[in-house]
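**Q** Mapping to the working numbering: the sequence shown position 30 is 30, numbers consecutive.
Encoded as structure tokens, here's the structure I'll be asking about.
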Amino acid sequence: MSRYVRKWELCWFASGRTSLVAPGLAALCGLLICVCAFTGLAFADACSANGFVFAAARVQQGGGSATGPVVVQPGAPGKPSKTLPSSTKGTLPPLSQADVEFMQGMIMHHSQAVEMTALIPSHTENKELRSLGARISSSQSDEIKFMQRWLAARGESVSMSMAMEGMPDMDKSGKPMALMPGMLTPEQMDALRKAKGAEFDRLFLVGMIQHHNGALIMVKDLFNTAGAGQDGELFDFATDVDSGQRAEIKIMQGMLEKKT
Numbered sequence: 001m002s003r004y005v006r007k008w009e010l011c012w013f014a015s016g017r018t019s020l021v022a023p024g025l026a027a028l029c030g031l032l033i034c035v036c037a038f039t040g041l042a043f044a045d046a047c048s049a050n051g052f053v054f055a056a057a058r059v060q061q062g063g064g065s066a067t068g069p070v071v072v073q074p075g076a077p078g079k080p081s082k083t084l085p086s087s088t089k090g091t092l093p094p095l096s097q098a099d100v101e102f103m104q105g106m107i108m109h110h111s112q113a114v115e116m117t118a119l120i121p122s123h124t125e126n127k128e129l130r131s132l133g134a135r136i137s138s139s140q141s142d143e144i145k146f147m148q149r150w151l152a153a154r155g156e157s158v159s160m161s162m163a164m165e166g167m168p169d170m171d172k173s174g175k176p177m178a179l180m181p182g183m184l185t186p187e188q189m190d191a192l193r194k195a196k197g198a199e200f201d202r203l204f205l206v207g208m209i210q211h212h213n214g215a216l217i218m219v220k221d222l223f224n225t226a227g228a229g230q231d232g233e234l235f236d237f238a239t240d241v242d243s244g245q246r247a248e249i250k251i252m253q254g255m256l257e258k259k260t
């Protein structure tokens, strides 16, 4: 999700075949390295945007060429950077159980939203609602894939369910799993499936506003939990969810007002 790296994370510079680079260009690359250390921008992105990918690591030194990847750890402000062994590997930030549960719960939450939007083509001819539903379906489907990748990269299950075989809706203790905040009850989903036309439009908008407000509660609870939400990717994702869902709530409220 995020194209940014934190300023204390490792910056990797790939080595390639020998190439001659003008001194001025080399100096510019060096300046970009310094900028990375203080702003947190990925040096790779900065270089590629200007047409000289990782040029700093390719410059000939004393007639020889670079023999392996160079790993540089930016120093704190006023402190020099360190060159680390080429075998050095970056590590993921500390994992909070609240982070894992947030992602697992949001997958469940998003899945119901996608299920709701799937009803639109067969239940209403409202073009505005169809357009809104398509946007929600596309964005939340992509976010589900991101959350699944995030969890898999950390060796975590993509589902909160730890159920016995044949009982997918049971939690670790064997009790029925509670719905995430804002999720529609089975009764609400059944009513939505049975509705058509204007009544479907109304139930969908009311239900999706409820659903989006639940997502805002989940984000708030995450950031109110000590030690949670510190992972860079998760932080960016959660703040995007918050701002995106607030914007869509306003759109849906406006659509409801038109109907009344």
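Every residue gets a Cβ at the ideal spot worked out from N, C-alpha and C, and that includes glycine.
(1) In the DSSP output, which residue or residues are listed as bridge partners for T83?
(2) Pop quiz: H211 and G182 are said to be a contact at Cβ under 8 Å. What is the actual Cβ separation, rounded to whole angstroms?
(3) Please state the DSSP three-state secondary structure of M160.
(4) State the Cα-Cα distance for the pair L184 and S81, rounded to the nearest angstrom.
(5) Is the distance from the Cβ of L222 to the Cβ of G232 below 8 Å?
(6) Three-state secondary structure (DSSP) at G78?
(7) What is the C-beta distance between S159 and Q112, in whole angstroms, given that I count them as a contact (C-beta under 8 Å)?
(8) Using only the alpha-carbon positions, how far apart do M116 and F204 sit?
(9) Going by CA-CA distance only, name the one from V72, K194, T124 that's closest to R88.
(10) If you pair each beta-carbon of the stretch 189-197 with each one of the stretch 237-251, do three or more pairs fall below 8 Å?
**A** In short:
(1) Looking up residue 83 in the sequence shown gives position 83. Note: T83 sits in a beta bridge opposite V72.
(2) Here the question's residue 211 lines up with position 211 in the sequence shown. Here the question's residue 182 lines up with position 182 in the sequence shown. Confirmed, Cβ separation roughly 5 Å.
(3) For the purposes of this step, residue 160 is taken as residue 160 along the sequence shown, with counting starting at 1. In this structure, M160 counts as coil in the three-state DSSP scheme.
(4) Residue numbering aside, residue 184 sits at position 184 when the sequence shown is read from its first letter. Residue numbering aside, residue 81 sits at position 81 when the sequence shown is read from its first letter. When rounded, the distance between both Cα atoms is 53 Å.
(5) Looking up residue 222 in the sequence shown gives position 222. Looking up residue 232 in the sequence shown gives position 232. No, the Cβ-Cβ distance between L222 and G232 is not below 8 Å.
(6) Counting from 1 along the sequence shown, the entry for residue 78 is found at position 78. Of the three classes helix, strand and coil, the one that applies to G78 here is coil, per DSSP.
(7) For the purposes of this step, residue 159 is taken as residue 159 along the sequence shown, with counting starting at 1. For the purposes of this step, residue 112 is taken as residue 112 along the sequence shown, with counting starting at 1. The pair is not a contact, with the Cβ atoms about 14 Å apart (cut-off 8 Å).
(8) Mapped onto the sequence shown, residue 116 falls at position 116. Mapped onto the sequence shown, residue 204 falls at position 204. So the alpha carbons of these two residues sit roughly 8 Å apart.
(9) In the sequence shown, counting from the first residue as 1, residue 88 sits at position 88. Note that residue 88 is Thr in the sequence shown, not Arg. Measuring from the Cα of T88, the nearest candidate turns out to be V72.
(10) no
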